[in-house]
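Q:
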Amino acid sequence: MRASMAAFRNISVSLVSNGARRAFTSLAIAATIAFAAPQAALARAPESFADLSAQVTDAVVNISAATTSEVRERGMPQLPPGTPFEDLFEEFFKRRGQNAPTVPRRANSLGSGFVIDPSGIIVTNNHVIGDANEITAIFNDGTKLKAEIIGKDTKLDIAVLRVKPDKPLKAVKFGDSDKLRIGDWVIAIGNPFGLGGSVSAGIVSAHDRNIDQGPYDNYIQTDAAINRGNSGGPLFNMDGEVVGINTAILSPTGGSVGIGFAVPSSMAGPVVDQLRQFGETRRGWLGVRIQQVDEQTADALGLDRARGALIAGVDEKGPAKPAGIEIGDVVVRFDGREVKSARDLPRMVAATPVGKDVEVVVLRKGQEMPKTVKLGRLEDGEEQAALTKGDTDTDKPVVSRKALGLDLSSLTDDLKNRYSLKDETKGVIVTDVDPNSAAADKRIQPGDVIMEVGQEAVASPADVTRRVDALKKEGKKSALLLIANTQGEVRFVAISIE
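Residues in the sequence shown are numbered from 16 upward in steps of one, following this note's numbering.
1) When you compare only the Cα positions, how much space is there between K487 and E504?
2) Measuring CB atoms only, is the region 335-346 touching the region 273-289, in the sense that at least three cross pairs come out at less than 8 Å?
3) Please classify V522 as buried or exposed, where buried requires at least 16 neighbouring CB atoms within 10 angstroms.
4) Runs of 4 residues minimum, wholly inside the region 291-367: which ones carry the alpha helix (DSSP H) assignment?
5) Alpha carbon to alpha carbon, what distance is there between Q470 and K492?
6) Please classify Q399: does DSSP put it in a helix, a strand, or coil?
7) So R177 is in the beta strand (DSSP E); what residue range does that whole segment cover?
8) Cα separation between P476 and Y434?
9) Mind checking which residues open and close the alpha helix (DSSP H) that includes D456?
10) Roughly how many angstroms lie between the CA atoms of G209 and T139, to the nearest whole one?
11) Rounded to the nearest angstrom, how far is the Cβ of D232 from that of G217, given a contact under 8 Å?
12) Could you give the DSSP three-state label for I144: helix, strand or coil?
13) Can you give the Cα-Cα distance for N500 and G462, rounded to whole angstroms?
14) Would you mind reading off the limits of the alpha helix (DSSP H) that contains N261?
15) With DSSP as the reference, label N432 as helix, strand or coil.
16) Quick one: residues in its chain with C-beta nearer than 6 Å to the C-beta of G343, no 5 flanking neighbours on either side, listed in chain order?
17) How about the region 443-463 and the region 420-429: do they share at least three Cβ pairs that are nearer than 8 Å?
18) Over the uninterrupted beta strand (DSSP E) stretch that includes L496, give me the two end residues.
19) Among the candidates A509, M363, G442, whose CA atom is the shortest distance from the CA of S452?
20) Using DSSP's beta-bridge definition, name the partner residues of N77.
21) Could you tell me if S311 is buried or exposed, where buried requires 16 or more neighbouring beta carbons within 10 angstroms of its beta carbon?
22) Would you say E256 and G205 are within 8 Å of each other, going by their C-beta atoms?
23) With a 10 Å radius around its C-beta and 16 neighbouring C-beta atoms as the bar for buried, classify F293 as buried or exposed.
24) Within its chain, find whatever has a CB closer than 6 Å to the CB of G229; leave out the 5 residues flanking it on each side and keep chain order.
25) Measure the CB-CB distance between V219 and L195 and report whether it falls below 8 Å.
26) Restricting to Cα atoms, I'd like to know which of I150, L430, R358, F276 is closest to I260.
27) Grouping DSSP H, G and I as helix and E and B as strand, with all else coil, what is P207?
28) Three or more beta-carbon pairs under 8 Å between the region 362-371 and the region 297-312, yes or no?
29) Over what stretch of residues does the alpha helix (DSSP H) that includes P476 continue unbroken?
30) Closer than 6 Å by C-beta to P279: which residues in its own chain qualify, once you throw out the five before and the five after it? Chain order, please.
31) Would the beta-carbon of V369 fall within 8 Å of that of G391?
32) First and last residue of the beta strand (DSSP E) that includes L4?
33) Based on DSSP bridge pairs, tell me the residues matched to K386.
34) Would you tell me roughly how many angstroms separate the C-alpha atoms of I153 and V130, rounded to the nearest one?
35) Checking 8 Å against the spacing of the C-beta atoms, do V347 and E341 come in under that value?
36) Given that a residue counts as buried once 16 or more other Cβ atoms are within 10 Å of its Cβ, and exposed if not, what is K371?
In structure tokens, the structure reads:
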């Protein structure tokens, strides 16, 4: 830089007259200062990652997972599993009193992992090991150790393994991913394409990425090169702490294009602890079904802006019910933390210990109301219980009316049978939808049942029109409908009434 500026001065002097030299010298000094500022900032960047890499590389391992399955013997037709032809082929052998001959076939996958305990505890991705029946951890010095599964979590894509070394292993610890800033340096170490022990460096590109891989998506995005085989490997901060578990890439080519994703340590750490202690996860459970609050819904609810998580269903046997949380409430704070969007709440609840008494602040008709909930435990495969059902009068006469681009009718036995609705269903049924209406845009369909309009129950088409008219007089731009579909699933829909 100094040589460049000297050359710049020499050229500048030869181009100006003696009378202008003083003014140009001032300009050159100003240019020097301007160049110096970014140079000072760049000076804070690491000159090398060698020391950091040497410090942590021995704790990173390659994971080889082998799965043995039975396939037909060579020379026999190899047909896609589950096809009708396969069934016919199997039937042919059964009729002849024999089974189609099979031979074992071995499939291998490669990934990465890292040691978090010198006694031999290793963390990796669940998808790296899959259903493998033989797992081997390969260390930086070439040592190979058989690994057993302690526990795994499919929702966060994490698995914890154990090996039995002859001596303590080099281990690394989790850092605080919440302290990462966009632009901070990070390095990734792993086993890309089976090469092993590869180090790449980059920065944190973004926080809180949702890539639709699971219910708790909250990935760190980085431009550190991550490729196939890096899965399960660590993402380190400059202190040598694991701040993420490299899990996925976004790539049309299969290779790194500078967009990689890692599970943040703030989420991975507690899950790893549970898997080590219990061999399974024990997540908190609130017992509600939620949906996003968009601008139109926020207006219909009278909120100052779109925020929080809208309660669309409450499990009759869940923790939220006895705490007084109701359909139509908007959760804005959970355990002292702001709920900015519906995506935040499941992560917060899942990370909270089972049995803890938690303050949940909800907005109800414009008023903040604190509720205390003792969290239950989320069980895999658990289905939400049906909402409380009441008796309904099915003998009332048919009343039809148009509103909001919908043909509405009172519920009758005939309509319940036509749309396969349950006997206890209450509300006003939609019999037709104007394809050019806002209701069609919101995917309201014939057979849907409107249960509430503007958070008030409706029992007839006249109730719907009266409630819509009242909302217009109140200056509302949208009407918030509580709708149940033919399967009984309930959701809120905001429709413009302007």
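Heads up, the beta-carbon is just placed ideally off N, CA and C, and yes, glycines get one too.
Model, not experiment: these values are computed from the prediction.
A: So, from the data block:
1) Residue numbering aside, residue 487 sits at position 472 when the sequence shown is read from its first letter. Residue numbering aside, residue 504 sits at position 489 when the sequence shown is read from its first letter. Cα-Cα distance, rounded: 28 Å.
2) no
3) Not covered by the structure: residue 522. The range shown for the chain is 16 to 513.
4) You should have 310-316, 335-338, 359-365.
5) Position 477 of the sequence shown, counted from the first residue, corresponds to residue 492. Position 455 of the sequence shown, counted from the first residue, corresponds to residue 470. If you take the alpha carbons of K492 and Q470, they lie about 15 Å apart.
6) The residue labelled residue 399 in the question sits at position 384 within the sequence shown. Only weak support exists for where Q399 lies, its pLDDT of 35 falling under 50; the coordinates are left without a value.
7) Counting from 1 along the sequence shown, the entry for residue 177 is found at position 162. Note, R177: beta strand (DSSP E), 173-177.
8) Here the question's residue 476 lines up with position 461 in the sequence shown. Here the question's residue 434 lines up with position 419 in the sequence shown. Here the C-alpha atom of P476 lies approximately 18 Å from the C-alpha atom of Y434.
9) Sequence index remark: in the sequence shown, residue 456 carries index 441 (1-based). Counting along the chain, the alpha helix (DSSP H) containing D456 begins and ends at 453-456.
10) Position 194 of the sequence shown, counted from the start, is the residue given in the question as residue 209. Position 124 of the sequence shown, counted from the start, is the residue given in the question as residue 139. Those two C-alpha atoms are separated by around 15 Å.
11) In the sequence shown, counting from the first residue as 1, residue 232 sits at position 217. In the sequence shown, counting from the first residue as 1, residue 217 sits at position 202. Not really, about 21 Å apart at Cβ, beyond 8 Å.
12) As a position in the sequence shown, residue 144 is number 129, starting the count at 1. I144 falls in the helix class under three-state DSSP.
13) Taking the sequence shown and counting its residues from 1, one reaches residue 500 at position 485. Taking the sequence shown and counting its residues from 1, one reaches residue 462 at position 447. So the alpha carbons of these two residues sit roughly 7 Å apart.
14) For the purposes of this step, residue 261 is taken as the residue at position 246 of the sequence shown. Unbroken run through N261 is the beta strand (DSSP E), 257-264; no alpha helix (DSSP H).
15) The sequence position of residue 432 within the sequence shown is 417, counting from 1. If DSSP states are grouped into helix, strand and coil, N432 belongs with the helices.
16) By 1-based counting over the sequence shown, the position of residue 343 is 328. Excluding positions up to five away in sequence, the list reads Q470.
17) yes
18) Position 481 of the sequence shown, counted from the first residue, corresponds to residue 496. Its beta strand (DSSP E) spans residues 493-499.
19) Here residue 452 refers to the residue found at position 437 when the sequence shown is read from its first residue. It is A509 whose Cα lies nearest to the Cα of S452.
20) Taking the sequence shown and counting its residues from 1, the one referred to as residue 77 is at position 62. According to DSSP, which records beta bridges pairwise, N77 is partnered with S127, I153.
21) To locate residue 311, count along the sequence shown from 1; it is residue 296. First, the amino acid is wrong: residue 311 is Gln here, not Ser. Buried.
22) Working through the sequence shown from its first residue, we reach residue 256 at position 241. Working through the sequence shown from its first residue, we reach residue 205 at position 190. Not closer than 8 Å, so no.
23) Working through the sequence shown from its first residue, we reach residue 293 at position 278. Answer is exposed; the Cβ neighbour count stays below 16.
24) As a first step, residue 229 must be located in the sequence shown, where it is residue number 214. Taken in chain order, the residues that qualify are K170.
25) As a position in the sequence shown, residue 219 is number 204, starting the count at 1. As a position in the sequence shown, residue 195 is number 180, starting the count at 1. For V219 and L195, yes; Cβs fall inside 8 Å.
26) The count along the sequence shown starts at 1 and reaches residue 260 at position 245. Residue F276 is the option with its Cα nearest to I260.
27) Your numbering for residue 207 matches position 192 in the sequence shown. Three-state result, P207: helix.
28) yes
29) Position 461 of the sequence shown, counted from the start, is the residue given in the question as residue 476. Per DSSP, P476 belongs to the alpha helix (DSSP H) from 476-488.
30) Walking along the sequence shown from the start, residue 279 turns up at place 264. S192, I235, G259, listed in sequence order.
31) Mapped onto the sequence shown, residue 369 falls at position 354. Mapped onto the sequence shown, residue 391 falls at position 376. G391 sits close to V369, with the two beta carbons spaced by under 8 Å.
32) Outside the displayed span of the chain (16 to 513) sits residue 4, for which this structure offers no information.
33) Here residue 386 corresponds to residue number 371 of the sequence shown, with the count starting at 1. DSSP output for K386 lists V375 as bridge partner(s).
34) In the sequence shown, counting from the first residue as 1, residue 153 sits at position 138. In the sequence shown, counting from the first residue as 1, residue 130 sits at position 115. C-alpha separation (whole angstroms): 11 Å.
35) Locating residue 347 in the sequence shown gives position 332, counting from the first residue. Locating residue 341 in the sequence shown gives position 326, counting from the first residue. No, these two residues do not count as a Cβ contact at 8 Å.
36) Numbered from its first residue, the sequence shown carries residue 371 at position 356. The residue in question, K371, is exposed, as its Cβ has fewer than 16 Cβ neighbours within 10 Å.
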